[in-house]
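Residue numbers (the numbering used here): 118 to 422.
Glycine included, each C-beta is placed from N, C-alpha and C at the ideal position.
Values in this document were obtained by computation on a predicted structure and should not be read as measured data.
Everything below concerns the one structure shown next.
Printed below as a string of structure tokens:
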């Protein structure tokens with residue numbers, strides 16, 4: 118009866134010869150279990166189905182100097198003399214050949230062992246895959262938390278900036294209001310009545326009429342005005358009137374319209390003189406009323422920008 122070696126056992130189990138030979142060689146022909154373990158671990162190797170080439174000077178089961186340089190024995194030839202897989206021990210310590218039925222049983226046991234090992238390997242791979250998925254989700258959650266924190270920080274910075282801008286705008290408006298109030302008090306004290314500026318301005322005595330051309334004497338001197346009575350026509354057709362210093366910039370009139378007119382919040386507008394028509398620009402806002410020719414009185418119109 119022919120001996121059943123590890124290589125032959127693998128072949129009977131359905132493994133390709135190239136794979137079986139590599140498994141036997143790489144495990145040192147230590148048994149069927151070690152060979153099956155190696156096959157399951159290396160079944161996805163790109164060169165697993167390539168023919169096995171024994172290393173030069175190293176032939177499994179024999180010495181290198183016993184082989185000729187032109188003939189290289191195969192793994193099946195060198196398997197002779199290895200521990201026989203086709204014998205079983207008897208009760209008296211001897212060995213006897215295995216029957217065909219015992220061989221089939223042995224193959225079935227090996228196949229069952231292989232199935233168990235494959236099942237264990239699949240279970241291990243599933244566990245590793247689950248662990249990788251958990252790690253990926255943890256990393257995704259951490260990344261999402263970092264992004265959310267950065268977004269919250271940006272929103273806080275933006276809210277703080279807007280709050281600071283509103284506060285600065287509020288302070289600027291307050292300063293303008295205080296300046297307007299001081300100017301009103303000064304005008305009231307100057308004209309001594311405490312009445313509205315427009316009334317005080319209108320109560321000023323009319324300048325004396327110029328003398329006739331036939332009158333003798335030096336020509337009258339031109340009067341220097343230090344105030345200007347400004348009437349502003351608003352978008353809805355209504356008007357507001359007040360008195361400004363001749364040296365105050367046109368921006369003071371614009372602020373007065375913003376504070377006392379009915380211009381919607383945030384509505385930008387432009388001031389213009391109707392006769393002669395002149396639209397005032399941002400550069401004009403810094404110029405005094407006297408320099409712009411708005412003294413001693415003028416009419417301005419508010420238009421949408």
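Subject >> residue 348, enclosing beta strand (DSSP E) - first and last residue >> reply: Here residue 348 refers to the residue found at position 231 of the chain shown. Run containing residue 348: 344-350, per the beta strand (DSSP E) assignment.
Original post:
Which one of 246, 421 and 398 has the shortest CA to CA distance from residue 382?
Top reply: Along the chain shown, read from residue 1 onward, the residue named residue 382 stands at position 265. Ranking 246, 421 and 398 by Cα distance to residue 382 puts 421 first.
Subject >> Exposure of residue 138, with buried meaning 16 or more beta-carbon neighbours within 10 Å >> reply: Numbered from its first residue, the chain shown carries residue 138 at position 21. With 16 or more Cβ atoms within 10 Å of its Cβ, residue 138 is classed as buried.
**OP:** Could you tell me how far apart the beta carbons of residue 234 and residue 153 are, in whole angstroms, since I believe they sit closer than 8 angstroms?
**Re:** Your numbering for residue 234 matches position 117 in the chain shown. Your numbering for residue 153 matches position 36 in the chain shown. Contact flag correct, Cβ pair sits at about 7 angstroms.
Original post:
What number of angstroms, rounded off, separates the C-alpha of residue 246 from the C-alpha of residue 252?
Top reply: In the chain shown, the residue the question calls residue 246 occupies position 129. In the chain shown, the residue the question calls residue 252 occupies position 135. Using only the alpha carbons, I get a separation of about 10 angstroms.
Subject >> Length of the line joining the Cα atoms of residue 226 and residue 258 >> reply: For the purposes of this step, residue 226 is taken as the residue at position 109 of the chain shown. For the purposes of this step, residue 258 is taken as the residue at position 141 of the chain shown. The straight-line gap from Cα to Cα measures roughly 48 angstroms.
**OP:** Can you have a look at residue 373 and say buried or exposed, based on whether 16 or more other CB atoms are within 10 angstroms of its CB?
**Re:** For the purposes of this step, residue 373 is identified with residue 256 of the chain shown, where counting begins at 1. That one is buried.
Original post:
How big is the Cα-Cα spacing for residue 340 and residue 412?
Top reply: Locating residue 340 in the chain shown gives position 223, where the first residue counts as 1. Locating residue 412 in the chain shown gives position 295, where the first residue counts as 1. Roughly 11 angstroms between the two C-alpha positions.
**OP:** Spell out a yes or no on whether the stretch 354-361 and the stretch 382-398 are touching, meaning 3 or more CB-CB pairs, one atom from each, closer than 8 angstroms.
**Re:** no
Subject >> Spatially closest choice to residue 371 from 406, 391, 142 and 344, by CA coordinates >> reply: Stepping through the chain shown from its first residue, residue 371 is reached at position 254. Looking at the Cα atoms, 406 is the closest of the given residues.
**OP:** Using the DSSP secondary-structure output, state which residues sit across from residue 414 in a beta bridge.
**Re:** Position 297 of the chain shown holds residue 414. Partner(s): 346.
**OP:** Evaluate residue 263 with the Cβ neighbour count: other Cβ atoms within 10 Å of its Cβ, from every protein chain shown; 16 or more gives buried, anything less gives exposed.
**Re:** Here residue 263 refers to the residue found at position 146 when the chain shown is read from its first residue. The residue is exposed, with fewer than 16 neighbouring Cβ atoms inside 10 Å.
Original post:
Per DSSP, what kind of secondary structure is residue 370 in: helix, strand or coil?
Top reply: Taking the first residue of the chain shown as 1, we reach residue 370 at position 253. In this structure, residue 370 counts as helix in the three-state DSSP scheme.
Original post:
Is it right to say residue 349 is buried, meaning 16 or more other beta carbons lie within 10 angstroms of its own, or is it exposed?
Top reply: For the purposes of this step, residue 349 is taken as residue 232 along the chain shown, with counting starting at 1. Answer is buried; the Cβ neighbour count reaches 16.
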